[in-house]
Amino acid sequence: MEQPVSVTECEVAMRPLLRVQRERVAVGQSGEKKAVSPVKRVEVGLSGCCPRRVVCGCILLSAQLCGWSRDEPPSTKESQHLKLWGEAAARPSSSSCQPPVAPRRCYTRLDNTRSSPCRHPRKPAPRPRPSSPPPPAPSPSPSPSPSSSLSTPHSNQTRMATVLILGGLGLDATRHLVTHLVASSPDSDSLEPRPRPALVRIVDKALAIPQADAYTTYVDSDTRNALRNGVQQGTVELVQGNLLQDATRDKAFALPDQHGGPAKGFDWVFDFTGETDFSTPEIVHIERTLRLALLLGRSAVAHHAGVYVRALSPFYRVTGGGGGSGDKKARVGAVGSEAEPWGTMASWHHEAARGLAKVEGLNLVLVRPALFYGPYTLTGITPRALIAEVYRFQNEKMDLLWAESLSLTTIHAADFASALVSCARWALPLGRAGTVAAHSEVLPSTLSSDAQVSALADLGAATKSDTVKAVVLTACDDGETTQRDIAKVIEDVVGVKSGFHGSVISSFAKLNIAEVAEDANDKHLEGWSALLQASDPPISSNVPISPSVPLDLLGPNPIAFDNALLKRLTGWAPRHRLEDGVVRATVEGFKQEGHWPTAKPRS
Numbered sequence: 010m011e012q013p014v015s016v017t018e019c020e021v022a023m024r025p026l027l028r029v030q031r032e033r034v035a036v037g038q039s040g041e042k043k044a045v046s047p048v049k050r051v052e053v054g055l056s057g058c059c060p061r062r063v064v065c066g067c068i069l070l071s072a073q074l075c076g077w078s079r080d081e082p083p084s085t086k087e088s089q090h091l092k093l094w095g096e097a098a099a100r101p102s103s104s105s106c107q108p109p110v111a112p113r114r115c116y117t118r119l120d121n122t123r124s125s126p127c128r129h130p131r132k133p134a135p136r137p138r139p140s141s142p143p144p145p146a147p148s149p150s151p152s153p154s155p156s157s158s159l160s161t162p163h164s165n166q167t168r169m170a171t172v173l174i175l176g177g178l179g180l181d182a183t184r185h186l187v188t189h190l191v192a193s194s195p196d197s198d199s200l201e202p203r204p205r206p207a208l209v210r211i212v213d214k215a216l217a218i219p220q221a222d223a224y225t226t227y228v229d230s231d232t233r234n235a236l237r238n239g240v241q242q243g244t245v246e247l248v249q250g251n252l253l254q255d256a257t258r259d260k261a262f263a264l265p266d267q268h269g270g271p272a273k274g275f276d277w278v279f280d281f282t283g284e285t286d287f288s289t290p291e292i293v294h295i296e297r298t299l300r301l302a303l304l305l306g307r308s309a310v311a312h313h314a315g316v317y318v319r320a321l322s323p324f325y326r327v328t329g330g331g332g333g334s335g336d337k338k339a340r341v342g343a344v345g346s347e348a349e350p351w352g353t354m355a356s357w358h359h360e361a362a363r364g365l366a367k368v369e370g371l372n373l374v375l376v377r378p379a380l381f382y383g384p385y386t387l388t389g390i391t392p393r394a395l396i397a398e399v400y401r402f403q404n405e406k407m408d409l410l411w412a413e414s415l416s417l418t419t420i421h422a423a424d425f426a427s428a429l430v431s432c433a434r435w436a437l438p439l440g441r442a443g444t445v446a447a448h449s450e451v452l453p454s455t456l457s458s459d460a461q462v463s464a465l466a467d468l469g470a471a472t473k474s475d476t477v478k479a480v481v482l483t484a485c486d487d488g489e490t491t492q493r494d495i496a497k498v499i500e501d502v503v504g505v506k507s508g509f510h511g512s513v514i515s516s517f518a519k520l521n522i523a524e525v526a527e528d529a530n531d532k533h534l535e536g537w538s539a540l541l542q543a544s545d546p547p548i549s550s551n552v553p554i555s556p557s558v559p560l561d562l563l564g565p566n567p568i569a570f571d572n573a574l575l576k577r578l579t580g581w582a583p584r585h586r587l588e589d590g591v592v593r594a595t596v597e598g599f600k601q602e603g604h605w606p607t608a609k610p611r612s
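Going by my numbering, the first residue of the sequence shown is number 10, and it counts up by one from there.
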């Protein structure tokens, strides 16, 4: 069986052509096209395929078939290229073959829509003689593009991935990942839907019955449609259960026989478990965040999971390396930097990550997201926009604490979903040793004493003195967003005047942050209740969105992230920046669901 090689950037541009729908033609030695009988579809592996199958000028060639449609016949030069490619495709299969340079033309897809010209920067390459063996290809890139395919090399054969999602169905990251995997992304660059995983199993304590549109947690309309369609097509399974129970974990990790059986295991596991309520006490976190993570990590190894990706919280700050905590330009995720979480919730999720990093044989990747924005996001930018709605309703100016330049890095939830997939695709073929060798950083302890985790010693919980290293990648957009950027976007979308308190008031608030947070939330929630009732029609207070801001978010801590390492290792790149249009779309989405207030300002 031919071993796959890494997908190149030009293969990403070719993705819309990989599934030929209608005309099947072959290319002869002289470059002419002729019809052939339909054959099995061309499968392109997630980790790649032989480069002979793809040409940078938006032509798809393989040894068996080619989808070709042009508004006019190919030129002489193009025919020469096709001839070379036809001869190259007829040679014995080799993972080291190198394609000749393709014509830089834009061709018409078989559905009569124009394909985009390849954006891959093409470097001139020597054209191999037909009679000579092709020159060796350069070493494959360690990072295929995040959206080229959802196939996986977990076995020696190219096939579609099997995906297990643990917990958090109501979370922003989980819902957008489900939509990214199961449904066609409405804002995708693709001209055709992405290939879907063979199976997506979601296990959560919340009840979800897509066919009856019944959920016990908030699930947005896009995710509901994706789940409904996935269940109908047999590619999505929803399992309700408590993952702290052994039977539920065994059921969750057992891969169905038609996909390889329990002896094989899921290719990708995404872990969103753990308590996310900021008011959750420490004793509950130890059981439902730390202990649960340790149990899941052990189950993943026992059931031969390919890669285990866990999402962390955004609440991290630089403590050392990369300029240290005193450097205002230091960013979490930069090479050489060290970071620690702040707040009870983030700290226990961090300790869960430290525990997972100690699980032998677990191919672990940890991903920190910045503040979320995008359709149906409940956290990040949305609560700030709702606070602005309260001030608009009350005809008041919205003055903010801290400096305008305070870093509050952001990421579109859809971009974070693609980042998670990119991390899984990157780490799976490398294995634990390969990923740790590529990058790892120290996870400092947040424990005050080992007594906090002594009850979990038999599960391998990390102690305060343990030096723990893990693969940690940071996901954010390229906007380097500040507090002023967020205020400006919200001001334009909501229509409220905004400003900033002076340094004197901010300094006082910093010294009394708990009282300030309580007073601010009381004021906002009182106005929020009146705003909901004044809407036409009135909106129930039992909506998933709220202007309440937890203490962990109200403080002057920067969220300053760097995504360069994630880009370099996985090939991922964000497609969005925080702009008016994205926030307007978020508001409209919630309005269509009947959750966003519509009341006019008080006179």
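Even for Gly, the Cβ is constructed at its ideal location relative to N, Cα and C.
Because the structure is a prediction, the values reported are computed rather than measured.
Please tell me whether residue i and residue j are closer than 8 Å, where the distance is taken between their beta carbons.
i      : j      : result
Thr328 : Ser416 : no
Phe279 : Val318 : yes
Thr418 : Ile295 : no
Met354 : Phe402 : no
Leu563 : Ile499 : no
Phe570 : Cys485 : yes
Leu409 : Ala496 : yes
Gly177 : Thr282 : yes
Thr455 : Ser356 : yes
Ala361 : His312 : no
Ser507 : His533 : no
Val503 : Ala394 : yes
Glu291 : Tyr325 : no
Val481 : Leu375 : yes
Arg493 : Ser414 : yes
Ala447 : Asp276 : no
Does residue i come out as helix, strand or coil in the three-state DSSP assignment?
i      : result
Ser141 : Caution applies to Ser141, whose pLDDT of 42 falls short of 50 and renders its modelled position unreliable; the value that the coordinates give is listed next. Note: Ser141 maps to coil in three-state DSSP.
Leu70  : Only weak support is given to the placement of Leu70: the predicted model assigns it a pLDDT of 30, under 50, and the value that follows is read from those uncertain coordinates. Note: Leu70 maps to coil in three-state DSSP.
Glu291 : helix
Tyr385 : coil
Ala217 : strand
Glu450 : strand
Val327 : strand
Ile396 : helix
Ile390 : helix
Ser463 : helix
Ser416 : strand
Leu190 : helix
Ala470 : coil
Arg233 : helix
Arg210 : strand
Val341 : strand
Ala223 : strand
On the DSSP letters alone, give me the boundaries of the beta strand (DSSP E) that residue i sits inside.
i      : result
Pro378 : Leu373 to Pro378
Gln249 : Val245 to Gln249
Leu409 : Met407 to Leu409
Glu347 : Glu347 to Pro350
Ile420 : Thr419 to His421
Ala320 : Val316 to Ala320
From which residue to which residue does the alpha helix (DSSP H) around residue i run?
i      : result
Leu173 : First-last for Leu173: Thr171 to Leu175, but that is the beta strand (DSSP E), not the alpha helix (DSSP H).
Trp634 : An answer regarding residue 634 cannot be provided, because it is not within the stretch 10 to 612 covered by the chain.
Trp605 : Note, Trp605: premise wrong, no alpha helix (DSSP H); not H, not E.
Asp561 : Leu560 to Leu563
Trp277 : Not the alpha helix (DSSP H): Trp277 falls in the beta strand (DSSP E), residues Trp277 to Asp280.
Asn611 : The question names Asn, but residue 611 in the sequence shown is Arg. That residue, Arg611, is in no alpha helix (DSSP H); it is neither H nor E in DSSP.
Gly270 : Neither: Gly270 is in no alpha helix (DSSP H) and is coded neither H nor E.
Trp581 : No alpha helix (DSSP H) holds Trp581; DSSP gives it neither H nor E.
Glu360 : Thr353 to Ala366
Arg307 : Leu301 to Ala311
Segments assigned beta strand (DSSP E), at least 3 residues, entirely inside the stretch 477-515
Annotation note: the stretch 477-515 contains the following uninterrupted beta strand (DSSP E) runs of length 3 or greater, listed N- to C-terminal: 481-484 and 507-509.
Under 8 Å, with one C-beta from each stretch per pair, do the stretch 363-374 and the stretch 303-312 reach the 3-pair mark?
yes
Is it the case that the stretch 500-516 contacts the stretch 466-485, given that we only count it when at least three CB pairs across the two stretches are under 8 Å?
no
Contact between the stretch 383-398 and the stretch 421-431: three or more CB pairs below 8 Å?
Contact between the stretch 383-398 and the stretch 421-431 is present: 3 or more CB-CB pairs across the two stretches fall below 8 Å.
Decide yes or no for the touch test of the stretch 241-260 against the stretch 204-221: beta carbon pairs closer than 8 Å, at least 3 of them.
Touching, yes, given that three or more Cβ pairs across the two stretches are closer than 8 Å.
Three or more C-beta pairs closer than 8 Å, one from the stretch 392-400 and one from the stretch 531-538: is that the case here?
yes
Three Cβ pairs or more, each shorter than 8 Å: is that satisfied between the stretch 543-554 and the stretch 599-606?
yes
Three or more beta-carbon pairs under 8 Å between the stretch 177-192 and the stretch 223-241, yes or no?
yes
Would the stretch 217-226 and the stretch 268-279 be scored as touching if the rule is three or more Cβ pairs under 8 Å?
no
Should the stretch 434-453 be called in touch with the stretch 583-603, which here means at least 3 C-beta pairs below 8 Å?
no
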